[in-house]
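To start, the structure itself, in C-alpha cells.
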Amino acid sequence: MTLPLDPHLFKLYLVAATVLILIPGPDFLLVLGRSLFEGRQAGWTAIGGITVGNTIHSTLAAAGISALVAASPTLFQVLKLLGAGYLAWLGARALVAAYHHWRTGAAPAAPVTGNGRTRQIFLQALGTNMLNAKVILFYLAFVPQFVSPALGSVALQTFILGLTLAVGGGIYLGVVAAFAARAANRIAANRWFRTAIEASSGVIFIGFALRLVLVERKFV
343 MTLPLDPHLF KLYLVAATVL ILIPGPDFLL VLGRSLFEGR QAGWTAIGGI
393 TVGNTIHSTL AAAGISALVA ASPTLFQVLK LLGAGYLAWL GARALVAAYH
443 HWRTGAAPAA PVTGNGRTRQ IFLQALGTNM LNAKVILFYL AFVPQFVSPA
493 LGSVALQTFI LGLTLAVGGG IYLGVVAAFA ARAANRIAAN RWFRTAIEAS
543 SGVIFIGFAL RLVLVERKFV
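Heads up, the sequence shown is in my numbering, so the first residue is 343 and it goes up one at a time.
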C-alpha cells in the first residue's frame, strides 16, 4: 500500500522531525524523571500518555479543530494559561521534592506499584502533552509544509505525518527511559544527585511554563 505522501517531502520531514524530537522539552523531562525515580515501568507509562497525546493532536489537526483553537484568541489564551499553570505546578512539586529529599536523605528508586499510581503517571504525561499550546502550533506551522494537496486528502496526510512524529518520539523516549532506569538506583539513592536533578527539573519546568506564556498565535 502506497502512502498518499510526496516521497521527497516525506524524507525531508523525517530528517526535520528527528532533529526536533531530539530537542529536550517537557515530555523528555517528565519521562526522564519518572524513569530515574520510579523505574522503567513508570517511564513507559509516561511515554504511553505522551504518545496518546500526540496521536490526539494529530487527529485534531487533521480534523481542523486545532486550527479553530489557534485562530480563537480566547480559546488559545485559556489553553496556553492552563498549560503554563500545569507545567509550573509540576515544577513546584519537583522543587518541594528536592527540598524534602535534601532534608530527609534520598531513597532508592521505588518501582511503580498499583493501578492508581500507574493511572496518575499516565494522566500526568497526557496532560503535559495535551495542554502544551506549542504542540498545537507545531502541528499547524510545521507539518503542513510537508503536505502535498495534489496527492489527495490533506487531512489524511496531516494525520499520517503527525502519527509518524508520535511514533518516532515514543521510540526516542523509550531509549531515554531505558538508559535512565538502568541508572535509577545509583542516582536516586544519592542525596546530592537526586536533589540536584529534582531541583533542576523544577526550575526547567517553571522555565517551560514561562516560555509557554510568551507563545504567540503565529501559525501561518
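Where is the CB? At the ideal position from N, CA and C, for every residue including glycine.
| Asked | Found |
| --- | --- |
| Thinking C-alpha only, which one of W386, I392, R553 is nearest L468? | I392 |
| Quick one: Cα of I363 to Cα of Y441, how far? | 31 Å |
| Can you grab the Cα-Cα spacing for the pair V545 / I539, in whole Å? | 10 Å |
| Taking its Cβ as the centre, do 16 or more other Cβ atoms sit within 10 Å of Q487, making it buried, or is it exposed? | exposed |
| Excluding sequence positions up to five away, which residues of its chain have a Cβ less than 7 Å from the Cβ of L505? | T397, S400 |
| If distances are taken between C-alpha atoms only, which option among L473, G433, T537 comes closest to G549? | G433 |
| Report back the beta-carbon spacing between P368 and F484 to the nearest angstrom; my notes put them in contact at under 8 Å. | Not confirmed; about 17 Å, so no contact. |
| Whether or not the stretch 375–395 and the stretch 505–524 are in contact is what I'm after, with contact meaning three or more pairs of Cβ atoms, one per stretch, closer than 8 Å; do they touch? | yes |
| So is Q419 buried or exposed if we call it buried at 16+ other beta carbons inside 10 Å? | exposed |
| In angstroms, rounded to a whole number, what distance separates the CA positions of A426 and T387? | 23 Å |
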